[in-house]
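Numbering (my numbering), first residue to last: 4 to 402. Heads up, the beta-carbon is just placed ideally off N, CA and C, and yes, glycines get one too. Please read these numbers as outputs of a predicted model, since none were measured by experiment. Working notes for the structure below.
Structural data, given as structure tokens:
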């Protein structure tokens, strides 16, 4: 069964039985059944299966050559045609991915999380590539940037459910270059916050249940995105820069970092905001009320070095401080999604240049990652570990 080794790292590998492997194989067949109608030609259905098997395989680099070799093809041309030339719609595949995820992981307390990630590339022909800053790479480099939306449940199960390729405005001024990269003629420039707003609207249209939205500073300081969310009644917890100004409940305006420096010791509460690779993520937290009842600010302080982080919260339901801390901690799982998808299912191993081929590879990788997450979810339920990843929604001062 493809992907056995990758699933093993998401569960207790020593306890995996042949029955488990059979069940995962059956689940994989079910995934193939879900997507089969998207591919009119039998050869495309075959290549979709081959590509997914390759992405789920234990091979190190999951590109056209290595996947072709793994599935028994003499050369990668057929799989390259599948990504670049075959007739099928990656957006329809994304919709199937969303339906599949909701069947197993739908959660009314879920958090939608947005984050960009960079894909290092050489040359200048890949759609959207240019020298630009990537937080993933930690520097300015030649890369593409994808904007992603993750679905994080209250158990901290997480999957990537939507994606957009960021096309810099400089690209759209060169229509010949766009045409060579397969970028649609009618594509208008969209900032990454605007891409996120579109993806959130898609989730709402599909009836995806969620309670909050979370994101980093790039999105938290964007007035357009904040306004879009507030008009839609979507509660959020988003990071903001330290120089953000706010007006407190008493009508006094100050920078949020200056206000943090004047807080008394009693203002801070020690709480966990989730579980990471090294155990509970524990910080000191403080809450600031603003002159708008629905808006609050949360400050996070590192126990180790005192480093501060700041969050703007739109809290129309007036949820508890504990809940705001929970949502602030829900942003990290998207980073874990990127790590798992790049390291496990080849999210960044593609060798395509065309705009639509990027979407095809990335969406197939997202589906492979969701399959693994759902297999782990079903395994944990069967073993009675369905509460293993639950994050306590009550105060965790004892931590």
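Item to complete: Per DSSP, which residues does residue 167 bridge with? Please list them.
Response: The count along the chain shown starts at 1 and reaches residue 167 at position 164. According to DSSP, residue 167 bridges with 150.
Worksheet item: Around the C-beta of residue 143, are 16 or more other C-beta atoms found within 10 angstroms, so that it is buried, or is it exposed?
Response: For the purposes of this step, residue 143 is taken as the residue at position 140 of the chain shown. Around the beta-carbon of residue 143, fewer than 16 other beta-carbon atoms lie within 10 Å, marking it exposed.
Worksheet item: Do you know offhand how far residue 273's Cα is from residue 341's?
Response: Taking the chain shown and counting its residues from 1, the one referred to as residue 273 is at position 270. Taking the chain shown and counting its residues from 1, the one referred to as residue 341 is at position 338. Pairing residue 273 with residue 341, the inter-Cα distance amounts to about 29 Å.
Worksheet item: When the Cα atoms are used, what is the spatial distance from residue 186 to residue 368?
Response: The residue you call residue 186 lines up with position 183 of the chain shown. The residue you call residue 368 lines up with position 365 of the chain shown. Near 21 Å, if we compare the C-alpha coordinates of residue 368 and residue 186.
Fill in: Beta-carbon spacing of residue 474, residue 365 below 8 Å
Past the edges of the chain, shown from 4 to 402, lies residue 474, and the structure says nothing about it.
Fill in: Nearest-angstrom Cα separation, counted from residue 212 out to residue 47
As a working mapping, residue 47 is identified with position 44 in the chain shown. As a working mapping, residue 212 is identified with position 209 in the chain shown. Inter-residue distance for residue 47 and residue 212 is about 33 Å (C-alpha atoms, whole angstroms).
Discussion item. Can you confirm whether the stretch 188 to 198 touches the stretch 126 to 145 when touching is taken to mean that 3 or more C-beta pairs between the two stretches lie within less than 8 Å?
Written reply: At 8 Å Cβ cutoff, the stretches do not touch.
Worksheet item: Shortest alpha-carbon distance to residue 204 belongs to which of 183, 232, 227, 221?
Response: What you label residue 204 is simply residue 201 of the chain shown in a count that begins at 1. Looking only at 183, 232, 227, 221, the smallest Cα-Cα distance to residue 204 is reached by 232.
Practice prompt. Tell me whether residue 259 is buried or exposed, calling it buried when 16 or more other Cβ atoms sit within 10 Å of its Cβ.
Written response: Numbered from its first residue, the chain shown carries residue 259 at position 256. Around the beta carbon of residue 259, 16 or more other beta carbons lie within 10 angstroms, which makes this residue buried.
Practice prompt. Measure the beta-carbon distance from residue 243 to residue 220 and round it to whole angstroms, keeping in mind my assumption that it falls under 8 Å.
Written response: Counted from its first residue, the chain shown places residue 243 at position 240. Counted from its first residue, the chain shown places residue 220 at position 217. Rounded, the Cβ-Cβ distance is 6 Å, consistent with contact.
Worksheet item: Cα separation between residue 169 and residue 183?
Response: Here residue 169 corresponds to residue number 166 of the chain shown, with the count starting at 1. Here residue 183 corresponds to residue number 180 of the chain shown, with the count starting at 1. So the two alpha carbons sit approximately 17 Å from each other.
Item to complete: In the DSSP assignment, find the unbroken beta strand (DSSP E) run with residue 103 in it and report its ends.
Response: Walking along the chain shown from the start, residue 103 turns up at place 100. Premise fails: residue 103 lies in the alpha helix (DSSP H), 93 to 108, not in any beta strand (DSSP E).
Item to complete: Tell me whether residue 42 sits in a helix, a strand or coil according to DSSP, three-state version.
Response: Taking the first residue of the chain shown as 1, we reach residue 42 at position 39. Looking at residue 42 - three-state DSSP - the assignment turns out to be coil, as it is neither helix nor strand.
Item to complete: Assign residue 341 to one of three DSSP states: helix, strand, or coil.
Response: For the purposes of this step, residue 341 is taken as the residue at position 338 of the chain shown. Here residue 341 carries a helix assignment [DSSP, helix/strand/coil].
Item to complete: Identify, in the order they occur along the chain, each residue of the same chain with its Cβ nearer than 7 Å to the Cβ of residue 67, setting aside the five sequence neighbours on each side.
Response: Here residue 67 refers to the residue found at position 64 of the chain shown. Only 79, 82, 83, 354 meet the Cβ criterion.
Fill in: The beta strand (DSSP E) enclosing residue 278, as first and last residue numbers
In the chain shown, counting from the first residue as 1, residue 278 sits at position 275. Annotation: the continuous beta strand (DSSP E) that includes residue 278 extends over 272 to 279.
Worksheet item: By DSSP, does residue 282 sit in helix, in strand, or in coil?
Response: The residue given as residue 282 occupies position 279 in the chain shown. Reduced to three states, the DSSP call for residue 282 is strand.
Worksheet item: Given 8 Å as the limit, is there contact between the stretch 99 to 113 and the stretch 121 to 138, that is, 3 or more CB pairs closer than that?
Response: Cβ pair count under 8 Å is below three, so no.
Item to complete: Check the C-beta distance from residue 159 over to residue 336 and give it rounded, since I have them as a contact under 8 Å.
Response: Counted from its first residue, the chain shown places residue 159 at position 156. Counted from its first residue, the chain shown places residue 336 at position 333. Yes, residue 159 and residue 336 are in contact; Cβ-Cβ is about 6 Å, under 8 Å.
Worksheet item: Can you give the Cα-Cα distance for residue 73 and residue 64, rounded to whole angstroms?
Response: Reading the chain shown from its first residue, position 70 is the one you call residue 73. Reading the chain shown from its first residue, position 61 is the one you call residue 64. The straight-line gap from Cα to Cα measures roughly 11 Å.
Fill in: Contacts around residue 162, its chain only, beta-carbon distance under 6 Å, and the 5 residues preceding and following it disregarded
Indexing the chain shown from 1 puts residue 162 at position 159. Excluding its 5 nearest sequence neighbours in each direction, residue 162 has C-beta neighbours in its own chain below 6 Å: 104, 154, 373, 376, listed in chain order.
Worksheet item: Can you tell me where the alpha helix (DSSP H) with residue 248 in it begins and where it stops?
Response: In the chain shown, the residue the question calls residue 248 occupies position 245. For residue 248, no alpha helix (DSSP H) run applies; the uninterrupted beta strand (DSSP E) run containing it begins and ends at 248 to 250, by DSSP.
Item to complete: Quick one: grab the DSSP three-state call for residue 138.
Response: Indexing the chain shown from 1 puts residue 138 at position 135. In the structure shown, residue 138 adopts coil according to DSSP, grouped into three states.
Discussion item. Which residue marks the beginning of the alpha helix (DSSP H) containing residue 198, and which one marks its end?
Written reply: Reading the chain shown from its first residue, position 195 is the one you call residue 198. For residue 198, the enclosing alpha helix (DSSP H) covers residues 195 to 208.
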